[in-house]
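Asks:
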């Protein structure tokens, strides 16, 4: 979480954004047929997306400029905030699209747990 240096995935995407946001989007899309069928048949279906209070780090965002981030202006903390803000946007859009199938969509901040995720981040990442 909040790596100090830009790292690209094998697809050329910034790894934190790919992990924190694109992975959620892909998993949701793969599960959507089953979730929709469950909701349409009267079952309970919900999508829970992990966001973070770290999304507040993203005060303004020019998506054309920051997604994908340029390596020369990379900030792990800023990119973390952007990735978590994108999760909120994803959830908001999903809720509008999924309501017709009876699917509840929500984004949550899971709380703070002492793990090794902040081992390479900056001192502020431990506050997230």
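In the numbering used here, the protein residues as written are 3 to 130. Using N, Cα and C, we set each Cβ at its ideal position, and we do this for glycine too.
1. If distances are taken between C-alpha atoms only, which option among 112, 89, 20, 95 comes closest to residue 105?
2. I think residue 77 touches residue 22, with their Cβ atoms under 8 Å apart; what is that distance to the nearest whole Å?
3. If I follow the unbroken beta strand (DSSP E) through residue 10, where does it start and stop?
4. For chain D, check one thing: does any of its Cβ atoms lie closer than 9 Å to the Cβ of residue 37?
5. First and last residue of the beta strand (DSSP E) that includes residue 47?
6. Are residue 53 and residue 110 closer than 9 Å when you measure CB to CB?
7. If you draw a straight line from the alpha carbon of residue 103 to that of residue 31, how long is it in whole angstroms?
8. Tell me whether residue 5 is buried or exposed, calling it buried when 16 or more other Cβ atoms sit within 10 Å of its Cβ.
9. To the nearest angstrom, how far is it from the Cα of residue 7 to the Cα of residue 88?
10. With 16 other CB atoms within 10 Å as the buried threshold, where does residue 13 fall?
Replies: Let me spell this out:
1. Nearest of 112, 89, 20, 95 to residue 105, Cα basis: 95.
2. The pair is not a contact, with the Cβ atoms about 15 Å apart (cut-off 8 Å).
3. Note, residue 10: premise wrong, no beta strand (DSSP E); not H, not E.
4. Absent from the structure: chain D. Only one protein chain is present.
5. Taken as a continuous stretch (DSSP letters only), the beta strand (DSSP E) holding residue 47 covers 47–52.
6. The Cβ atoms of residue 53 and residue 110 sit closer than 9 Å to each other.
7. CA-CA distance, residue 103 to residue 31, rounds to 15 Å.
8. That one is buried.
9. Cα-Cα distance, rounded: 21 Å.
10. Exposed is the call here.
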